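Enquirer:
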Amino acid sequence: MRILVSNDDGIYSPGIAVLAEIASEFGSVRVVAPDVERSSAGHSITASRPLSYKPTRLAELTAYRVNGTPADCVSLGAYHWEKVDIVLSGLNLGFNLGNSIWHSGTVAAAKQAALLGLRGVALSVPAGAESAADFEPFKPWLRQVLRTVLGEVNLPLVNVNFPRHPRGIIWTRASVRRYDGKIVPAQDPAGRRLFWFTVTPIEGAEEGTDRWAMEQGWISLTPLRLDLTDAHA
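Quick note on the working numbering: the sequence shown kicks off at 3 and runs consecutively.
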């Protein structure tokens, strides 16, 4: 099995190294990821300039860095490595739940795989993991998740989120709840005005959703689809 690994946190994120390490137990792995962090890039692609595709050192793995978006990386990775079986995106440092799926670069990399006719899986862990030791508790669970999703050959796109202390794995649906978008003004050291964009959920998570699963300590596996059509309308 050929497994292409990407992310939106950048080629040197500790999360991608852990994902590639565990994925190597299931097949041949190649890493293709952005040269710098591209978090919240959404499903943007680069059309106004050419892209570079450069080999880079990442442990013992075959790895390349791209000066583009997560979706760019998957497209270039699939182009250079024929017959890719599945794309894994992550491990993202921070959840991708509910409405954040829309702007997540991590999910976009997996979604680009589905658009290319491949299978895509996005995987996220809680923010704050930095050292190798921080990821050790997730490795046994990551193996279980990969065994599960690799066996679901009829699911083209799956979004996975790991709580800090997992109690098991469940299938969920995406939580769609309203957010209170806030603009937080700030200043840089020179006194120039800057602005942070933050969001705060203002509705509780519905039972059976990805957010509810995180609150209850379950690893959330959410099947997604490319068709955004409102069939009822």
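All residues carry an ideal CB built from backbone N, CA and C; glycine is no exception. Values in this document were obtained by computation on a predicted structure and should not be read as measured data.
1. Residues bridged to Y55 by DSSP?
2. Between which two residues does the alpha helix (DSSP H) harbouring L223 extend?
3. DSSP three-state label for L95, please.
4. According to DSSP, is S30 helix, strand or coil?
5. What residues in its chain sit with their C-beta under 6 Å from that of S222, if we drop five residues either side in the sequence?
6. Alpha carbon to alpha carbon, how far is K56 from H234?
7. Using only the alpha-carbon positions, how far apart do V20 and S126 sit?
8. Would L53 pass as a contact of D74 if the rule is Cβ separation under 7 Å?
9. In chain order, what residues of the same chain have a beta carbon less than 6 Å from the beta carbon of I88, not counting five sequence neighbours either side?
10. Compute the Euclidean distance between the alpha carbons of D232 and N94, then round it to the nearest angstrom.
Expert: For this structure:
1. By 1-based counting over the sequence shown, the position of residue 55 is 53. Answer by DSSP bridge pairing, in chain order: V68.
2. By 1-based counting over the sequence shown, the position of residue 223 is 221. Per DSSP, L223 belongs to no alpha helix (DSSP H); it is in the beta strand (DSSP E), I221 to P225.
3. Counted from its first residue, the sequence shown places residue 95 at position 93. L95 falls in the strand class under three-state DSSP.
4. For the purposes of this step, residue 30 is taken as residue 28 along the sequence shown, with counting starting at 1. Of the three classes helix, strand and coil, the one that applies to S30 here is strand, per DSSP.
5. Here residue 222 is taken as the residue at index 220 of the sequence shown, counted from 1. Cβ within range, chain order: N163, T174, D212 and A215.
6. Indexing the sequence shown from 1 puts residue 56 at position 54. Indexing the sequence shown from 1 puts residue 234 at position 232. Cα to Cα, K56 sits roughly 46 Å from H234.
7. Within the sequence shown, numbered from 1, the residue matching residue 20 stands at position 18. Within the sequence shown, numbered from 1, the residue matching residue 126 stands at position 124. Distance between the alpha carbons of V20 and S126 is about 12 Å.
8. Translated into positions along the sequence shown, residue 53 becomes position 51. Translated into positions along the sequence shown, residue 74 becomes position 72. In this structure, D74 lies closer than 7 Å to L53 by Cβ.
9. Counting from 1 along the sequence shown, the entry for residue 88 is found at position 86. Excluding positions up to five away in sequence, the list reads I5 and R121.
10. Along the sequence shown, one-based indexing puts residue 232 at 230. Along the sequence shown, one-based indexing puts residue 94 at 92. Taking the straight line joining both Cα atoms gives about 29 Å.
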